[in-house]
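**Q** Just dropping this structure here.
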Amino acid sequence: MIVGTAGHIDHGKTALVKALTGVDTDRLPEEKRRGISIDLGFAYLQLPNGTRIGFVDVPGHERFIRTMVAGISGIDCVMIVVAANEGPRPQTLEHLLGIQLLHVSRGCAVITKTDLVSERRINDLTTQLRELLATYGMSTFPVIPVSSHMRRGLDQLHKWLCLEVQAYIPPTPGRHFRMPIDRYFTLLGHGSVVTGTVWSGSVRVGDRLTIAPALCPVRVRRIHANGEVSELGRAGQRCALNIVGPGLASEQAGRGNWVVEQSLALPTTELDARLRLHGQSAPACIAHWSSVHLHVGTTAVTTRLALYETEKLERGSEALARFVTETPILALNGDRFLIRDLPTRRIIGGGTILDPFPSRKRDQKRERAAFLQALETEPGPKRLSAILLSARNGIDLEWFRAIHDIDRDQADALIRETCAACGGAGGKWAFHSTHFEQLSCAAVNSVQDYLQEHPEQGGILPNKLCGVLKMREAACTTLIDQLIATGRLVAVTGHLSVPAHNPVLTRVDQAILGYFREHPGSAAEPVSIASLSASIRVSEQAARQSAKRLAQRKEVIFVERDRILDSGRVREIALQFEREAARASDGIVSLQAFRTATGVGRNGAIMLLEYFDRVRFTRRVATGRHVLKHAVAAFSVPSSLPPCSSAIDDSN
Ligand SMILES: Nc1nc2c(ncn2[C@@H]2O[C@H](COP(=O)(O)OP(=O)(O)OP(=O)(O)O)[C@@H](O)[C@H]2O)c(=O)[nH]1
Ligand SMILES: [Mg+2]
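Going by my numbering, the sequence shown opens with residue 1162, and the numbers climb by one from there.
Laid out in structure tokens, this is it:
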């Protein structure tokens, strides 16, 4: 369990930690000289039952609020320190607010310096503090009077700590390792050390981790967990990790950075969140696109604040907001954050991160707000159902796993549990069944509309359909795959069609097919588009477009970039090649033998054979070519030849 201090400057936080642990956490010469804490201090207390409590001592000076927030970002429990002779002061209140906004739900108030005041003053202050705690939602926190100097009241505080440790439930393991770094230093002979409180997962000596957002790979050489050498560090412990990695420096690994498992190293500059402005400390209102300081973990960055539902957010109210940060940060769904005012540097509000990886696509604000509200539902199947319901075009499962830090198996289990409401959960994307049916109908209708407008086409290209449906490609691919699997759409040479569709032949299509029918002999030679267009008296462009359509339907084949041949003829030639190869003792057919067997001219024969090599029907060897697969398998004929005379379209 990690216990943090909080409270106004000089109220006796460091002295209290020293009285409990024997450790003076004010290590810096400047701290000694000025008699104040400047940086975070760390100490441990071994309880009789063997458990260790980690203490994080924070500075009380208002100028060090940024350090203070970093210090309390990973604590389980807090001691709010108030000097008996002064009572609550401005930083007492600001720290109380920080604690409340970060949802630190366990703690006590400690009245220090009781040796300086009367018994009556202690009683009055106790009553005053109880009232104050209640206003911050901390009415369960006891008030414990002590004198660190006289060592009075420390037994009671010690007893309370033991009870808190007994009640403490360590965070559940299972998620990936992540630790916000609160200190970086180098040790002579050992190299870099980063320290922090582990937010999730565990780490072992030898593990490979990433320093983020700089994305530096590192290896863990040694671990100190709660101040002791260990093979393992886990969620809820304070850890010091001795790490090695190329080019590591304090800019990448100092306070404010993270050390995480690679899968969590996902820096972001846009985050959607639920934000509440405090009723007293915040300015009267904050306008859309204001700049504020954002604190997540030990990170503090300047960020713009975009409001979803309103133009300005008033003191004491809450809203959905998007942070657009100046530099990349790390965060996950559910992380608590604080914001501070830029001019006054005071904590003015806080909340919960909802979506750290919002899509770049600008949704309608109202739609997006509904989606974010779904992300606020209780985690688990209920939340997945709510998200699916609010996302018309389905959700990216990779995104879902990333924002919740869950692995594929956990996500799959959730999908199965939510399956009643889940259609087409095809690997990468999931949809609500209602939306899925609507999208399916829209997709089939769009394909039909397209074919009605372009009766000569074999189908619509999948990316064109994505555009028509205004869907992201991965989502649309899942939808299309499902529609093909269930027979509602068919895929013909990369185009999507409906099962009953017979493409209409245009006049040019007819002319090209007619050309091959009327020139069976010379049609053994692949014909160039230029000479074909001259023969059938159409423009080259019209001939090329038509040839491409016919190639899609496998009626002709582009043997070379601009030369085509009737696919039936190509197949026949391939069968002839196969027969020749079967006849040859070594299975090899030379160019000459091929020409003799087929009667194709030299240039045409070379073109055809090179085409056969490209489509892996044949393989070239020194003396000729041998067959790699059966001609029947290599060259299929068009499945549905349209009736030639009845369906002529005059458009071309
Ligand atoms: N008489 C008396 N003085 C105390 C007691 N506890 C702390 N002090 C004195 O109060 C002064 C401030 O104590 P610190 O522990 O440094 O206060 P702090 O809250 O850590 O101060 P910052 O970290 O700078 O915010 C020091 O001179 C301490 O000796 C106490 O119980 N009784
Ligand atoms: Mg101090």
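Where a beta carbon is used, it is the ideal one built from N, C-alpha and C, also for glycine.
All of these numbers come straight from a predicted model, not from anything done at the bench.
Would you say serine 1198 touches ligand 3, meaning its beta carbon is less than 7 Å from a heavy atom?
**A** Ligands displayed in this structure: ligand 1 and ligand 2; ligand 3 is not among them.
**Q** Please list, in chain order, all residues of the same chain as asparagine 1210 whose beta carbon is under 7 Å from its beta carbon, the five residues on each side excluded.
**A** Contacts found: none.
**Q** If you measure from the CB of aspartate 1343, is any heavy atom of ligand 2 nearer than 7 Å?
**A** Aspartate 1343 Cβ: outside cutoff for every heavy atom of ligand 2.
**Q** Tell me, please, which residues DSSP counts as bridged to valine 1405.
**A** DSSP output for valine 1405 lists Arg1380 as bridge partner(s).
**Q** Who does cysteine 1627 pair with in a DSSP beta bridge?
**A** Answer is none; cysteine 1627 lacks a bridge partner.
**Q** Within the chosen definition, does the stretch 1265–1275 reach the stretch 1236–1249 through at least 3 CB pairs nearer than 8 Å?
**A** They touch, by the three-pair rule.
**Q** Could you name the residues of the same chain whose beta carbon sits closer than 7 Å to that of glycine 1440, not counting the 5 residues immediately before and after it, in chain order?
**A** Counting only Cβ-Cβ distances below 7 Å, and skipping sequence neighbours, we find Arg1476 and Gly1477.
**Q** For serine 1363 versus leucine 1402, is the C-beta distance shorter than 8 Å?
**A** Going by C-beta atoms, serine 1363 is not nearer than 8 Å to leucine 1402.
**Q** So, does the CB of glutamate 1733 fall closer than 8 Å to a CB anywhere in chain C?
**A** Annotation note: the requested chain C is absent from the structure, which comprises a single protein chain.
**Q** Please list, in chain order, all residues of the same chain as arginine 1740 whose beta carbon is under 8 Å from its beta carbon, the five residues on each side excluded.
**A** Once the five neighbours on either side are set aside, the close Cβ partners of arginine 1740 are Ala1758.
**Q** So is glycine 1173 buried or exposed if we call it buried at 16+ other beta carbons inside 10 Å?
**A** Answer is buried; the Cβ neighbour count reaches 16.
**Q** Would you say the stretch 1353–1367 touches the stretch 1247–1255, given that touching needs at least three Cβ pairs under 8 Å?
**A** They do not touch, by the three-pair rule.
**Q** Quick check: what's the CA-CA separation for arginine 1437 versus alanine 1646?
**A** If I take the Cα positions, the gap works out to 47 Å.
**Q** By alpha-carbon positions, which one of Leu1427, Tyr1469 and Val1731 ends up nearest to valine 1761?
**A** Closest by alpha carbon: Val1731.
**Q** Give a single yes or no on whether lysine 1174 has its beta carbon closer than 7 Å to a heavy atom of ligand 2.
**A** For ligand 2, at least one heavy atom lies less than 7 Å from the Cβ of lysine 1174.
**Q** Which one or two residues does DSSP pair with phenylalanine 1498 in a beta bridge?
**A** The partner list for phenylalanine 1498 (beta bridge, DSSP) reads Gly1512.
**Q** Alpha carbons only, please: which of Arg1227, Leu1600 and His1787 is nearest the one belonging to leucine 1640?
**A** Looking at the Cα atoms, Leu1600 is the closest of the given residues.
**Q** For leucine 1545, which residues from the same chain have a beta carbon less than 6 Å from its beta carbon, with the 5 sequence-adjacent residues on both sides left out?
**A** Correct list, in chain order: Leu1575 and Thr1579.
**Q** First and last residue of the beta strand (DSSP E) that includes isoleucine 1272?
**A** Counting along the chain, the beta strand (DSSP E) containing isoleucine 1272 begins and ends at 1267–1273.
**Q** From what residue to what residue does the beta strand (DSSP E) around glycine 1352 run?
**A** Taken as a continuous stretch (DSSP letters only), the beta strand (DSSP E) holding glycine 1352 covers 1352–1358.
**Q** Can the beta-carbon of cysteine 1323 be found closer than 8 Å to that of leucine 1208?
**A** Yes, the Cβ-Cβ distance between cysteine 1323 and leucine 1208 is below 8 Å.
**Q** Would you kindly check if the distance between the Cβ of isoleucine 1214 and the Cβ of arginine 1399 is under 8 Å?
**A** No, the Cβ-Cβ distance between arginine 1399 and isoleucine 1214 is not below 8 Å.
**Q** Is any heavy atom of ligand 1 found at a distance shorter than 7 Å from the C-beta of threonine 1273?
**A** Answer for threonine 1273: yes, Cβ within range of ligand 1.
**Q** When you compare only the Cα positions, how much space is there between glycine 1259 and arginine 1365?
**A** So the two alpha carbons sit approximately 32 Å from each other.
**Q** Is proline 1407 near ligand 2, with its Cβ less than 7 Å from a heavy atom?
**A** Outside the cutoff, so no.
**Q** Going by beta carbon distance, what residues of the same chain come within less than 7 Å of valine 1485, once the five residues before and after it are set aside?
**A** Thr1430, Glu1431, Thr1464, Arg1465 and Ala1467, listed in sequence order.
**Q** Is it a yes or a no for the stretch 1278–1286 touching the stretch 1523–1539, going by three-plus beta-carbon pairs under 8 Å?
**A** No, because fewer than three Cβ pairs between the stretch 1278–1286 and the stretch 1523–1539 fall closer than 8 Å, the two stretches do not touch.
**Q** With distances taken between CB atoms, is the gap from valine 1750 to arginine 1786 smaller than 8 Å?
**A** Yes, the pair counts as a contact, with Cβ atoms nearer than the cut-off.
**Q** Taking the DSSP output, what are the residues bridged to leucine 1363?
**A** According to the sequence as given, residue 1363 is serine; it is not leucine. In DSSP, serine 1363 forms a bridge with Arg1395.
**Q** Report the rounded CA-to-CA distance for leucine 1425 versus glutamate 1487, giving the unit in angstroms.
**A** Each residue's alpha carbon lies about 20 Å from the other.
**Q** What first and last residue would you give for the alpha helix (DSSP H) that runs through threonine 1253?
**A** Per DSSP, threonine 1253 belongs to the alpha helix (DSSP H) from 1251–1262.
**Q** For aspartate 1305, tell me which candidate among Leu1315, Met1299 and Asp1557 has the shortest Cα-Cα distance.
**A** Going by the sequence as given, residue 1305 is isoleucine instead of aspartate. Cα-wise, what sits closest to isoleucine 1305 is Leu1315.
**Q** Taking 7 Å as the limit between beta carbons, can you name the residues of its chain near glutamate 1559, skipping five residues before and five after?
**A** Lys1589, listed in sequence order.
**Q** Considering only C-alpha positions, which residue in the set Gln1613, Gly1619, Gly1648 and His1596 is nearest to leucine 1630?
**A** Of Gln1613, Gly1619, Gly1648 and His1596, the residue nearest in Cα terms is His1596.
**Q** Assuming leucine 1201 contacts aspartate 1218 under a Cβ cut-off of 8 Å, what Cβ separation, rounded to an integer in Å, is found between them?
**A** Right, the Cβ-Cβ distance comes to about 7 Å (below 8 Å), so this counts as a contact.
**Q** State the start and end residues of the unbroken beta strand (DSSP E) segment that holds isoleucine 1490.
**A** That run of the beta strand (DSSP E) goes 1479–1490.
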